[in-house]
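Q:
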């Protein structure tokens, strides 16, 4: 009899705290039957990621130990090899219905082997092909719920890097990410399983929450097919914007992290039906409890809009923006100064927080070019930033001058970063992490500079940069192409030179990143070769 993917949920025997005559009773997963017609394969996939409650039984029964080297990522800990943690760290075990993490591929396999021994059924990790089929639920789109190129629907289905995640990482760790999906899923780190809408097969959390470990080896140690060094892994987890389901990703066999978990599969012929409602009833209670916290985070304000500046006398700047909706919302205002002599140019500094009104008069002693942004704040957590507004005098740049990349006056899809004690600017046309294997929406990245030429001239364009071999950068003055060149493809910064030309009159120079590979730029210069007659 064929097993169809649209129904037939088979629940194995479960008890939250059960033990029989001193022995530990294993918790079998809730399973969903499915049939891959393309390869005529029938199997069962766990409806949920394996939870802490299930894994704790394994440890209790066997005394199993895991190396204390997990890259723990929680409210109080940023992942670091210098401060490793364990699967039973307090912040990871305070909710038994979250996915178990910090166990690595070997821990997941050993758990499956123990469950197999205890139940007589051959539980195992899925192959990457089984994961992809289950996660896509038979669809041919990027995700089971559609293409979602704008990342606005994913929060109904998955726990991924969203606006709540961005706000809380700033609060907990002082780290500000600027991009995420365009929605709020209500969770921060990994959350209780099954909180979001299932895919068409009835499976939960196949793309988000935690990444999915598999048994598929993609690289062996020294060609020895008995010792795997890298395993394929699926999903994107709470800390990532979602990538396409079908895209090769891997994890080292000995890596142990806190954004990786697993589901189990079972061959269809081995399933013994044993219905129980206990697991679902206990999970429902946990989900209701967790949903209260999700709803609090979903009430966070969105990014303010309409930030504008007006220069007043004596270095006074009047700022105003559209008011945010909701009670208890305040604002935090930041500025960054373009200082050609300062090492901290463009770094954001807090001007004022706790603002109750959507306006502020800033007394800034500097006449330099200044950027402003504002965040809405509620319960200590900030929204994403508003649009950027500018004021002050932008420094005039000239042909022949070495220009630091961070001295732009406007930008799109760029970010400041530190590399080898240098401040550089990164450009990326694929800031939303679309896979190179499929369609990538065109989102050009650029930097603009107030740089003009008094004469037309042949120039040599020098750039200190790092980028892939097929990274393409273009320099433009208005409609005039100054120069075009490819990245060198190295891992270190290098100076790259190409011939070009400038024209008289244009007052802006624009550096564009063309294609879907990013680049890091330290500085550039346009050196005249000769002046046209």
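Residue numbers (mature numbering (1 follows the signal peptide of the UniProt record, and there is no 0)): -18 to -1, 1 to 515.
Yeah, the Cβ is synthetic: ideal placement off N, Cα and C, and Gly gets one too.
Just so you know, these numbers come straight off a predicted model, no measurement behind them.
1. Can you give the Cα-Cα distance for residue 446 and residue 316, rounded to whole angstroms?
2. In chain order, what residues of the same chain have a beta carbon less than 7 Å from the beta carbon of residue 542, not counting five sequence neighbours either side?
3. Roughly how many whole angstroms lie between the Cα atoms of residue 112 and residue 485?
4. Suppose you measure from the CA of residue 385 to the CA of residue 330; what does that come to, to the nearest Å?
5. If you count every other CB in all the chains shown that lies within 10 Å of the CB of residue 226, and 16 or more means buried, which is it?
6. Apart from the five residues on each side of it in sequence, which residues of its chain come closer than 6 Å, Cβ to Cβ, to residue 211?
7. Note down the Cα distance separating residue 181 from residue 121, rounded to an integer number of angstroms.
8. Nearest to residue 87 by CA position, among 242, 509, 229, 11, is which residue?
9. Taking just the CA atoms, how far does residue 143 sit from residue 36?
10. Assess, as a yes-or-no matter, whether the region 204 to 223 is touched by the region 183 to 190 under the definition of 3 or more beta carbon pairs within less than 8 Å.
11. I need the DSSP call for residue 340, collapsed to helix, strand or coil.
12. Whole angstroms is fine: what's the gap from residue 377's alpha carbon to residue 490's?
13. Report the residue from 507, 123, 426, 495 whose alpha carbon sits nearest the alpha carbon of residue 571.
14. Who pairs with residue 467 in a beta bridge, going by DSSP?
15. With the cut-off set at 9 Å, would you say residue 178 and residue 129 are in Cβ contact?
16. Under 9 Å between the Cβ atoms of residue 77 and residue 272?
17. Can you list, in chain order, the residues of its chain with a C-beta nearer than 6 Å to that of residue 409? Leave out the 5 residues immediately preceding and following it.
18. Quick one, which of 461, 481, 511 has its alpha-carbon nearest residue 443's?
19. By the three-class DSSP mapping on this structure, what secondary structure does residue 331 have?
20. Where are the beta strand (DSSP E) runs, 3 residues long or more, that stay fully inside the region 472 to 511, in chain order?
21. Pull up the CB-CB distance for residue 381 and residue 508, whole angstroms please, since I reckon it's below 8 Å.
22. Do residue 282 and residue 355 come within 9 Å of each other at the CB atom, strictly closer than that value?
23. Can you tell me which of the three DSSP states residue 431 falls into?
24. Around the C-beta of residue 366, are 16 or more other C-beta atoms found within 10 angstroms, so that it is buried, or is it exposed?
25. List the whole-angstrom C-beta distance separating residue 267 from residue 172, where the pair is believed to meet the contact cut-off of C-beta under 8 Å.
26. Run through DSSP, which three-state label would residue 115 get?
27. Rounded to a whole number of angstroms, what is the C-alpha to C-alpha distance between residue 474 and residue 99?
28. What's the C-alpha gap between residue 504 and residue 389?
29. Excluding the 5 residues preceding and the 5 following residue 340 in the sequence, name in chain order all residues of the same chain whose CB lies nearer than 6 Å to its CB.
30. With three or more C-beta pairs closer than 8 Å as the rule, is the region 89 to 109 touching the region 38 to 49?
31. Please classify residue 382: does DSSP put it in a helix, a strand, or coil?
32. Thinking C-alpha only, which one of 95, 276, 358, 295 is nearest residue 374?
33. Please report the residue range of the beta strand (DSSP E) in which residue 200 lies.
34. Hey, residue 346 and residue 407 are a contact pair by Cβ (cut 8 Å); roughly how many whole angstroms apart?
35. Keeping to the same chain, check which residues put their C-beta closer than 7 Å to that of residue 148; ignore five residues upstream and five downstream.
36. Could you name the residues that DSSP lists as bridge partners for residue 448?
A: Here's the rundown:
1. The residue you call residue 446 lines up with position 464 of the chain shown. The residue you call residue 316 lines up with position 334 of the chain shown. If you take the alpha carbons of residue 446 and residue 316, they lie about 30 Å apart.
2. With the chain represented from -18 up to 515, any question about residue 542 goes unanswered, as that position is not in the structure.
3. Here residue 112 is taken as the residue at index 130 of the chain shown, counted from 1. Here residue 485 is taken as the residue at index 503 of the chain shown, counted from 1. The straight-line gap from Cα to Cα measures roughly 58 Å.
4. Translated into the one-based positions of the chain shown, residue 385 becomes position 403. Translated into the one-based positions of the chain shown, residue 330 becomes position 348. The alpha-carbon atoms of residue 385 and residue 330 are separated by roughly 20 Å.
5. Looking up residue 226 in the chain shown gives position 244. Answer is buried; the Cβ neighbour count reaches 16.
6. Along the chain shown, one-based indexing puts residue 211 at 229. Contacts found: 201, 203, 235.
7. Counting from one through the chain shown, the residue named residue 181 turns up at place 199. Counting from one through the chain shown, the residue named residue 121 turns up at place 139. Going from the Cα of residue 181 to the Cα of residue 121 covers about 10 Å.
8. Looking up residue 87 in the chain shown gives position 105. Nearest C-alpha to residue 87: 242.
9. On the chain shown, position 54 is the one that residue 36 refers to. On the chain shown, position 161 is the one that residue 143 refers to. Rounded to the nearest angstrom, the two C-alpha atoms are 26 Å apart.
10. yes
11. Residue mapping note: residue 340 aligns to position 358 of the chain shown, counting from 1. The answer is coil: DSSP assigns residue 340 none of H, G, I, E or B.
12. The residue labelled residue 377 in the question sits at position 395 within the chain shown. The residue labelled residue 490 in the question sits at position 508 within the chain shown. Using only the alpha carbons, I get a separation of about 12 Å.
13. Given a span of -18 to 515 for the chain in the structure shown, any question on residue 571 remains unanswerable.
14. If you number the chain shown from 1, residue 467 lands on position 485. In the DSSP output, where bridge partners are listed per residue, residue 467 has 455.
15. By 1-based counting over the chain shown, the position of residue 178 is 196. By 1-based counting over the chain shown, the position of residue 129 is 147. No, Cβ-Cβ distance for residue 178 and residue 129 is not below 9 Å.
16. Here residue 77 is taken as the residue at index 95 of the chain shown, counted from 1. Here residue 272 is taken as the residue at index 290 of the chain shown, counted from 1. Against a cut-off of 9 Å, the Cβ pair of residue 272 and residue 77 comes out as a contact.
17. Here residue 409 refers to the residue found at position 427 of the chain shown. For residue 409, where only same-chain residues beyond five positions count, the Cβ hits under 6 Å are 396, 427, 495, 500, 501.
18. Here residue 443 is taken as the residue at index 461 of the chain shown, counted from 1. Of the listed residues, the one whose Cα sits closest to residue 443 is 481.
19. Here residue 331 refers to the residue found at position 349 of the chain shown. Three-state DSSP puts residue 331 in a strand.
20. 476 to 484, 491 to 496
21. Position 399 of the chain shown, counted from the start, is the residue given in the question as residue 381. Position 526 of the chain shown, counted from the start, is the residue given in the question as residue 508. Residue 381 to residue 508, Cβ: 5 Å. Contact.
22. Translated into the one-based positions of the chain shown, residue 355 becomes position 373. Translated into the one-based positions of the chain shown, residue 282 becomes position 300. No, the Cβ-Cβ distance between residue 355 and residue 282 is not below 9 Å.
23. In the chain shown, counting from the first residue as 1, residue 431 sits at position 449. Note: residue 431 maps to strand in three-state DSSP.
24. Counting from one through the chain shown, the residue named residue 366 turns up at place 384. Buried, by the Cβ-count rule.
25. The residue given as residue 267 occupies position 285 in the chain shown. The residue given as residue 172 occupies position 190 in the chain shown. Not really, about 18 Å apart at Cβ, beyond 8 Å.
26. As a working note, residue 115 is residue 133 in the chain shown. In this structure, residue 115 counts as helix in the three-state DSSP scheme.
27. Position 492 of the chain shown holds residue 474. Position 117 of the chain shown holds residue 99. Answer to the nearest angstrom: the Cα atoms are 51 Å apart.
28. Against the chain shown, residue 504 aligns to sequence position 522. Against the chain shown, residue 389 aligns to sequence position 407. Approximately 11 Å between the Cα atoms of the pair.
29. The residue labelled residue 340 in the question sits at position 358 within the chain shown. Same-chain partners within the cutoff: 303, 305.
30. yes
31. Position 400 of the chain shown, counted from the start, is the residue given in the question as residue 382. Note: residue 382 maps to coil in three-state DSSP.
32. What you label residue 374 is simply residue 392 of the chain shown in a count that begins at 1. Answer by Cα proximity: 295.
33. To locate residue 200, count along the chain shown from 1; it is residue 218. Element bounds for residue 200: 193 to 202.
34. Within the chain shown, numbered from 1, the residue matching residue 346 stands at position 364. Within the chain shown, numbered from 1, the residue matching residue 407 stands at position 425. That pair is no contact at about 24 Å.
35. Residue numbering aside, residue 148 sits at position 166 when the chain shown is read from its first letter. Cβ within range, chain order: 159, 162, 366.
36. Residue numbering aside, residue 448 sits at position 466 when the chain shown is read from its first letter. Bridge partners of residue 448: 502.
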